[in-house]
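Everything below concerns the one structure shown next.
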Amino acid sequence: MTLHDLPHTTAPVPATDDLIDRAVAAVESRREEILALRRDVHSHPEVSWQEHRTTAVVMERLEAAGVEVRAMAGSGAVADLGAPNPRVRIALRADLDALPIEEETGLPFASREQGVCHACGHDVHTVAVLAAGLALRSLQDRLESMSLGIRLIFQPAEESIPGGALKVREAGWIEGVDRILAVHCDPSIDVGTIGLKVGPITAASDSVHVTLTGRGGHTSRPHLTQDLTFALGKVMTDVPAALSRRLDPRSGNALVWGAVRAGTVANVIPSRGECVGTLRMLDSETWATTGPLIEEIVHAVVSPYGVRAEVRHVRGVPPVDNDPATISAMTAAAGAVLGPAAVVPTKQSLGGEDLGWLLTDAPGAMARLGTRTPGGETHELHQGDLVVDEESVLIAAKFLAAATLSSVGPDGLV
85 MTLHDLPHTT APVPATDDLI DRAVAAVESR REEILALRRD VHSHPEVSWQ
135 EHRTTAVVME RLEAAGVEVR AMAGSGAVAD LGAPNPRVRI ALRADLDALP
185 IEEETGLPFA SREQGVCHAC GHDVHTVAVL AAGLALRSLQ DRLESMSLGI
235 RLIFQPAEES IPGGALKVRE AGWIEGVDRI LAVHCDPSID VGTIGLKVGP
285 ITAASDSVHV TLTGRGGHTS RPHLTQDLTF ALGKVMTDVP AALSRRLDPR
335 SGNALVWGAV RAGTVANVIP SRGECVGTLR MLDSETWATT GPLIEEIVHA
385 VVSPYGVRAE VRHVRGVPPV DNDPATISAM TAAAGAVLGP AAVVPTKQSL
435 GGEDLGWLLT DAPGAMARLG TRTPGGETHE LHQGDLVVDE ESVLIAAKFL
485 AAATLSSVGP DGLV
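With the sequence shown counted from 1, adding 84 to any position gets you this note's numbering.
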């Protein structure tokens with residue numbers, strides 16, 4: 085029996101504008117606490133699967149508010165509030181991990197961990213979901229009358245492939261969830277704006293690792309070797325080119341190498357080399373069939389050089405496919421919190437997000453959260469100089485709380 089099979093004696097009470105106002109006010113009342121917490125999380129970043137301190141901070145704040153929290157083995161946590169046996173359950177999802185990148189912002193609360201920083205804004209996501217959850221907790225009686233349950237998911241390892249979303253699924257944290265809401269920092273749009281789009285908003289993203297081995301030797305006698313370095317160069321250029329001719333161009337595929345390693349000196353042809361990159365694709369159907377094709381092309385490209393090739397293709401994440409009904413609820417929430425002009429159109433990107441795995445189990449959507457200070461510099465994600473306007477933390481919390489309440493009508497989920 086699932087939570088949805090349990091009997092209910094009363095019909096749910098719909099959300100009201102007044103209730104959204106109360107949730108927004110609850111976030112605002114904690115303004116200084118929320119900003120201080122975000123600075124604390126930002127200054128103590130932790131890479132994928134190592135988010136122990138961040139998990140502990142989240143759990144401590146929730147438990148202090150009387151919310152029961154469960155920890156995932158290793159790192160990550162989930163908490164339930166609102167109606168214990170709800171007609172509708174909404175999940176708010178945050179990702180906890182930082183990136184192995186040196187921070188270059190010079191902020192007074194910059195990373196204290198050498199070579200690690202929150203260059204993707206996950207500190208904003210984490211604190212926003214926590215703050216939204218605490219605000220909604222203050223409305224516990226009304227949530228129960230609405231028969232609305234809320235699940236807060238603090239997920240580890242979004243930046244790894246395969247990502248922590250698969251662990252969330254394995255742990256059963258999506259069971260009984262009717263809708264999933266999330267935000268992602270977007271430093272290309274101003275703070276106070278929310279980018280929304282129906283349908284796919286991110287791309288599929290995989291890891292591709294090609295290792296070549298063969299007979300090395302002196303660069304003066306390449307004919308006595310298998311010239312692995314030359315073959316590696318052909319893999320880097322010819323495999324993406326061939327892939328673009330074997331796949332439907334409408335799939336929007338892009339194989340890009342990020343790391344190449346071969347040899348140590350100029351006059352020695354090495355016996356081993358490798359290149360590592362990402363395969364990104366807009367179309368999920370084409371993505372599902374691409375793995376064997378990559379291996380076929382790599383072997384064909386290196387065959388004339390006599391080297392041996394090992395291809396490791398790891399399926400990463402499917403596209404995040406935004407549900408139309410969820411986008412409607414998010415649009416209403418953005419209007420209530422920020423005004424109707426706050427919603428801006430956004431396009432599908434080739435970035436990957438493992439929220440896509442969770443949306444294969446339950447409908448939902450990810451909104452792009454404006455983090456650029458109006459008139460200020462446009463930063464890039466995954467760069468050590470990323471700076472977000474701190475007001476975006478509060479806006480995200482208010483927006484997520486409002487989107488949760490906007491998701492429920494007199495007959496249940498809307």
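Each residue gets a CB set at the ideal place from its N, CA and C atoms; glycine is no exception. These figures come from a predicted structure and were not determined experimentally.
Of all the options the options, which has the alpha carbon lying nearest to the alpha carbon of residue i?
{"i": "D495", "options": "E358, E187, E186, L232", "result": "L232"}
{"i": "E394", "options": "G298, G440, A372", "result": "G298"}
{"i": "E242", "options": "D438, G279, E254", "result": "D438"}
{"i": "R123", "options": "S476, A409, V492", "result": "S476"}
{"i": "A480", "options": "P408, V208, S195", "result": "V208"}
{"i": "L180", "options": "P192, R196, A212, E188", "result": "A212"}
{"i": "G440", "options": "A426, R329, L265, A343", "result": "L265"}
{"i": "L434", "options": "A203, D367, L489, G248", "result": "D367"}
{"i": "G419", "options": "P184, N169, G279", "result": "G279"}
{"i": "G248", "options": "V401, G217, R221", "result": "V401"}
{"i": "L470", "options": "D262, D270, V421", "result": "D270"}
{"i": "L119", "options": "T374, L103, G160, F193", "result": "F193"}
{"i": "T321", "options": "K281, V382, L296, R345", "result": "V382"}
{"i": "N169", "options": "A384, V261, H397, M143", "result": "V261"}
{"i": "L339", "options": "D311, A384, D101, I378", "result": "I378"}
{"i": "A372", "options": "A326, V386, V360, H397", "result": "H397"}
{"i": "V294", "options": "V428, E358, L103", "result": "E358"}
{"i": "T210", "options": "T138, A148, R263, S244", "result": "T138"}
{"i": "T444", "options": "V427, P403, L422", "result": "P403"}
{"i": "A215", "options": "G436, S113, V391, G375", "result": "S113"}
{"i": "M143", "options": "V131, L121, S127", "result": "L121"}
Thinking residue i and residue j are a contact (beta carbons under 8 Å), I'd like their distance in whole angstroms, please.
{"i": "V125", "j": "V151", "result": "That belief does not hold up - the Cβ atoms of V125 and V151 are roughly 18 Å apart, past 8 Å."}
{"i": "V172", "j": "L497", "result": "5 Å"}
{"i": "R177", "j": "L465", "result": "About 18 Å separates the two Cβ atoms, so there is no contact after all."}
Quick one: Cα of residue i to Cα of residue j, how far?
{"i": "T86", "j": "I174", "result": "Below a pLDDT of 50, predicted positions are generally treated as unreliable, and T86, at 36, falls in that range; the measurement from the model is reported next regardless. Cα-Cα distance, rounded: 15 Å."}
{"i": "G199", "j": "A219", "result": "34 Å"}
{"i": "R356", "j": "K318", "result": "15 Å"}
{"i": "G431", "j": "I237", "result": "Here the sequence assigns Lys to residue 431, which means Gly is not the residue at that position. Their backbone Cα atoms lie some 26 Å apart in a straight line."}
{"i": "G205", "j": "H268", "result": "8 Å"}
{"i": "T462", "j": "L478", "result": "20 Å"}
{"i": "V255", "j": "P246", "result": "Strictly speaking, residue 255 in this sequence is Ala, with Val absent from that position. When rounded, the distance between both Cα atoms is 15 Å."}
{"i": "G493", "j": "R145", "result": "30 Å"}
{"i": "Q134", "j": "G158", "result": "7 Å"}
{"i": "E188", "j": "E117", "result": "25 Å"}
{"i": "G460", "j": "T277", "result": "15 Å"}
{"i": "D274", "j": "M365", "result": "27 Å"}
{"i": "Q239", "j": "R253", "result": "11 Å"}
{"i": "P324", "j": "S289", "result": "15 Å"}
{"i": "R196", "j": "G454", "result": "26 Å"}
{"i": "H92", "j": "S229", "result": "Caution applies to H92, whose pLDDT of 36 falls short of 50 and renders its modelled position unreliable; the model cannot decide the point."}
{"i": "T415", "j": "G217", "result": "20 Å"}
{"i": "L250", "j": "L489", "result": "27 Å"}
{"i": "Y389", "j": "W341", "result": "21 Å"}
{"i": "G160", "j": "I258", "result": "14 Å"}
{"i": "E147", "j": "R221", "result": "11 Å"}
{"i": "V360", "j": "L296", "result": "12 Å"}
Next item on the list: Take every Cβ of the stretch 346 to 356, pair it with every Cβ of the stretch 320 to 337, and state whether three or more of those distances are shorter than 8 Å.
Entry: Note that the stretch 346 to 356 does not touch the stretch 320 to 337; fewer than 3 beta-carbon pairs, one per stretch, sit closer than 8 Å.
Note to self: So within the stretch 103 to 156, which uninterrupted alpha helix (DSSP H) runs reach at least 4 residues, ignoring any that extend past its ends?
What the structure shows: Counting whole runs of 4 or more residues, the stretch 103 to 156 contains the alpha helix (DSSP H) stretches 115 to 127, 136 to 148.
Margin query: Within 8 Å, do at least three Cβ pairs link the stretch 481 to 497 to the stretch 101 to 121?
Written below: Contact between the stretch 101 to 121 and the stretch 481 to 497 is present, because at least three Cβ pairs lie under 8 Å.
Next item on the list: Please determine if the stretch 266 to 286 and the stretch 447 to 460 are in contact, where contact requires at least 3 C-beta pairs separated by less than 8 Å.
Entry: At 8 Å Cβ cutoff, the stretches touch.
Check: Do the stretch 159 to 173 and the stretch 232 to 248 make contact, defined as three or more Cβ pairs closer than 8 Å?
Finding: Look at the beta carbons and you see the stretch 159 to 173 touching the stretch 232 to 248: at least three pairs across the two are nearer than 8 Å.
Margin query: Extract the residue ranges of the alpha helix (DSSP H) inside the stretch 211 to 252, only unbroken runs of 4 or more that lie entirely within it.
Written below: The qualifying runs are 224 to 229.
Next item on the list: Any chance you could list the alpha helix (DSSP H) runs of at least 4 consecutive residues sitting entirely within the stretch 328 to 412, in chain order?
Entry: With a minimum length of 4 residues, the continuous alpha helix (DSSP H) runs that stay inside the stretch 328 to 412 are 368 to 371, 375 to 386.
Check: Counting pairs of Cβ atoms below 8 Å between the stretch 300 to 310 and the stretch 404 to 417, do you hit three or more?
Finding: With contact defined as three or more Cβ pairs closer than 8 Å, the stretch 300 to 310 and the stretch 404 to 417 are not in contact.
Notebook entry, point to check: Of all the beta strand (DSSP E) runs that stay within the bounds of the stretch 409 to 467, which reach a length of 3 or more residues?
Noted result: Considered as a whole, the stretch 409 to 467 harbours 427 to 429, 448 to 456 as its complete beta strand (DSSP E) runs of no fewer than 3 residues, in chain order.
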